[in-house]
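Protein chains in written order, with the working numbering: chain A, 1 to 187; chain B, 1001 to 1281.
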Amino acid sequence: MDGLTPGFDHPATDAARAFRMVLDAMAHPGRIVTLDGPVAPAPCSQAACVALLTLADATTPLHLAGAHDCGPLRDWVAFHLGAPLVGPEDATFALGTWDALGPPAAYRQGTPDYSDRSATLIVEVPALSAHGTRLTGPGIETAAHLSVPDPDALRGNAARFPLGLDFLFTSGAQLAALPRTTKLGDG
Amino acid sequence: MTDQAYNFAYLDEATKRMLRRALLKAVAIPGYQVPFSSREMPMPYGWGTGGVQVTAACLVPEDTLKVIDQGADDTTNAVSIRSFFEKVAGVATTEATAEASVIQTRHRIPETPLHAGQILVFQVPIPEPLRFLEPRETETRVMHALEDYGLMQVRLYEDIARHGEIARAYAYPVKVEGRYVMDPSPIPKFDNPKLNMSPALQLFGAGRECRIYALPPFTRVESLDFEDYPFTPSKAAGQDCAICGASGSYLDEVITDDAGGRMFVCSDTDYCATRVQEASA
Ligand SMILES: [Zn+2]
């Protein structure tokens, strides 16, 4: 198979360190962390690759959207994750650009008695910056700022709390998280 | 060095991924109980297998781990969990709250204020705060979904009618960000205010009941109360610690001799010893 780039050098400790970065990001919405590690075939970013190696496996159906739904990345998923490739409605994780991922309503939102059963979207963005939309809520002492795509749609997602999606924004080796609890202000 | 007979942090990678996914959802939905598939750990339930699994899923080799049991670092339970992670994760350990990056605890929050970047992992025996009202999980799930906490309020108010106060010294229920009612584990209600707006990340693991829940840093956590009967965290003792003289710390009563002599001392042994050391310096 083409495109079989390597996985983690030291799977247990590399995944442990990567998870701590993702946990740190999720616990501090808007905080930008760096995920060192291997790269997957284009157009997958390094941060998205490391996040998937850390969190996804054969038990987590994955939706590849748009340009990410390509042969080399499909092969990489099959080899490194074993995650079944599915449509948005069945996905535990989804990977793509904001436009390619499509409307948040297409994904699992959780149920009233199991609000955790919702999708996590890994959204590839051109750049991540601590400027932009004002963020408040759990994990944020006063306010944070983050460049996010489509603040209106993300406000709509937050309004569904405790249901809703959680987002990992990735660009190069950088990652920032936006759980459903974060309130988005202007800008 | 890690003992090579084990995978890093004991658990296999698939189990850690499952725990890590549950932890991220728990952080994303503060106070909500995320189910997970609990694994057999080389220690019995009641020894904090839920907390141990959460700690195992979070640890990195660079961590410094502290383990306390009822505030003490030197109980059998705390010592065995600490040496377990020294062996299977190769992490450094400490008794100093301020020096720890991860603290696993049973039934206390340290007196020394936690700082940003620290993770506090609670061992939880019964994660469901509504269980004493309703034994069926399907029903308590619905009550949480509907935010139906009226029965809980009624029961607490009955306490006040009977005892003149809410007769709960431990596991005093809290409401998280105005939404989910959560059991803070059997910490004394004295510790409840420390849950609120903590700069540290607080994670809760229940091994037997297979539940993980979380409080992200800077999350609003209110102890349930009533306008005419506001929550009071204080313990009635009104004593100072007999060893370090602290007036604001949580005290345990210890019997000192066969004649029934007794004294009150800090339950947080690191806090007490540090105060004694600083006083003599
Ligand atoms: Zn003392």
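C-beta atoms are modelled at their ideal positions from N, C-alpha and C, and glycine is treated no differently. Computed from a prediction, not measured in an experiment: that's the story for all the values here.
- Between the beta-carbon of A/C212 and the beta-carbon of A/P38, is there less than 8 Å? There is simply no residue 212 of chain A to check, as chain A begins at 1 and stops at 187 in what is shown.
- DSSP state of B/M1001, grouped into three classes? Any reading at B/M1001 must be qualified, since the residue scores a pLDDT of 45, below 50, and its modelled position is unreliable; no value is offered.
- Item | For B/E1086, the first and last residue of its enclosing alpha helix (DSSP H) | In the DSSP annotation of this structure, the continuous segment of the alpha helix (DSSP H) that includes B/E1086 starts and ends at T1076 to A1089.
- Item | Exposure of A/T142, with buried meaning 16 or more beta-carbon neighbours within 10 Å | Exposed is the call here.
- Message: 8 Å is my cut-off, CB to CB: does B/L1282 come that close to chain A?
- Response: No answer is possible for residue 1282 of chain B: it lies beyond the span of chain B, which begins at 1001 and ends at 1281.
- Sorry if obvious, but does the Cβ on A/V86 come closer than 7 Å to a heavy atom of ligand 1? False, no ligand heavy atom lies under 7 Å from that Cβ.
- Task: Please compile the residues from chain A whose C-beta is within a distance smaller than 9 Å of the C-beta of B/A1092.
- Result: By Cβ distance, chain A contributes nothing, its closest Cβ being about 15 Å from B/A1092, past 9 Å.
- Task: Answer yes or no: the CB of B/V1254 versus the heavy atoms of ligand 1, is any distance below 7 Å?
- Result: No, Cβ of B/V1254 sits at least 7 Å from all heavy atoms of ligand 1.
- Query: Going along chain B in order, which residues have a C-beta closer than 9 Å to the C-beta of A/V22?
  - Reply: Simply R1020 and L1024.
- Near-chain A residues of the region 1113-1135 of chain B (beta-carbon distance less than 9 Å), N- to C-terminal order: Flagged, chain order: A1116, G1117 and I1119.
- Closer than 9 Å, Cβ to Cβ, to anything on chain B: give me those residues from the region 27-43 of chain A, in chain order. Flagged, chain order: A27, H28 and P29.
- B/F1231 at chain A interface by Cβ criterion, 8 Å: Not one beta carbon of chain A lies nearer than 8 Å to the beta carbon of B/F1231.
- Residues of its chain near A/V123, where Cβ-Cβ distance is below 8 Å and the 5 sequence neighbours each way are ignored: Here the set comprises G96, T97, W98, L101, P149, F167, L168, F169 and T170.
- Message: Tell me which residues of the region 9-21 of chain A have at least one Cβ-Cβ distance to chain B shorter than 7 Å, keeping chain order.
- Response: The region 9-21 of chain A vs chain B, Cβ under 7 Å: P11, A12, T13, A15, A16, R17, F19 and R20.
- Run through DSSP, which three-state label would B/R1017 get? Helix, per DSSP.
- Task: Taking all protein chains shown into account, decide if B/F1009 is buried (16 or more other Cβ within 10 angstroms of its Cβ) or exposed.
- Result: The sequence given here has Ala at residue 1009 of chain B, not Phe. Counting Cβ neighbours within 10 Å, B/A1009 comes out buried, since at least 16 surround it.
- Per-residue DSSP class, three states only, for A/D113: The answer is coil: DSSP assigns A/D113 none of H, G, I, E or B.
- Mind checking if B/P1030 is an interface residue toward chain A, Cβ cutoff 8 Å exclusive? Yes, B/P1030 counts as interfacial toward chain A.
- Coarse secondary structure for B/M1152, derived from DSSP in three states: B/M1152 falls in the helix class under three-state DSSP.
- Taking Cβ-Cβ distances shorter than 7 Å, what residues in chain A pair up with B/L1065? None at all; the shortest Cβ gap to chain A is about 13 Å.
- Less than 8 Å separating the beta-carbons of B/V1091 and B/T1049? No, they are not a contact pair.
- Cut-off 6 Å between Cβ atoms - residues of its own chain near B/D1003, not counting five sequence neighbours on either side: Bear in mind that the predicted position of B/D1003 carries a pLDDT of just 46, short of 50, making it too unreliable to give a figure here.
- Could you check what DSSP says for A/V123 in three-state terms: helix, strand or coil? If DSSP states are grouped into helix, strand and coil, A/V123 belongs with the strands.
- Task: Give a single yes or no on whether B/R1275 has its beta carbon closer than 7 Å to a heavy atom of ligand 1.
- Result: Yes, Cβ of B/R1275 sits closer than 7 Å to a heavy atom of ligand 1.
- Hey, which residues come within less than 5 Å of ligand 1, measuring from Cβ to any heavy atom, in chain order? In chain order, the qualifying residues are B/C1241, B/I1243, B/C1244, B/A1246, B/C1266 and B/C1272.
- Identify, in the order they occur along the chain, each residue of the same chain with its Cβ nearer than 6 Å to the Cβ of A/G185, setting aside the five sequence neighbours on each side. Closer than 6 Å at the Cβ level, and outside the excluded window around A/G185, lie R134.
- Message: Please classify B/Y1172 as buried or exposed, where buried requires at least 16 other C-beta atoms within 10 Å of its C-beta.
- Response: By the neighbour-count rule (16 or more Cβ atoms within 10 Å), B/Y1172 is buried.
- Please check if any C-beta of chain B sits within less than 8 Å of the C-beta of A/T54. A/T54 counts as touching chain B.
- Query: If we count Cβ pairs, one from each stretch, closer than 8 Å, do we get three or more for the region 1135-1143 of chain B versus the region 1089-1105 of chain B?
  - Reply: With the cut-off at 8 Å, the region 1135-1143 of chain B and the region 1089-1105 of chain B do not touch.
- Message: Between the alpha carbons of A/A27 and B/T1256, how many angstroms are there, rounded?
- Response: Spanning the two alpha carbons is a distance of roughly 45 Å.
- Which partner residues of B/G1260 appear in the DSSP bridge assignment? Note: B/G1260 sits in no beta bridge, so no partner.
- Ignore the nearest five residues each way along the sequence and tell me which others in B/C1241's own chain have a CB closer than 7 Å to its CB. Hits under 7 Å: S1249, L1251, F1264, V1265, C1266 and C1272.
- Message: To be precise: take each residue of the region 1067-1080 of chain B, compare its Cβ to all Cβ atoms of chain A, and keep it if any distance is under 8 Å. Which residues remain?
- Response: The region 1067-1080 of chain B vs chain A, Cβ under 8 Å: nothing.
- Task: Have a look at the DSSP bridge pairing and note the partners of B/I1029.
- Result: In the DSSP output, where bridge partners are listed per residue, B/I1029 has none listed.
- Query: How about B/H1107 and B/P1186: are their beta carbons less than 8 Å apart?
  - Reply: Closer than 8 Å, so yes.
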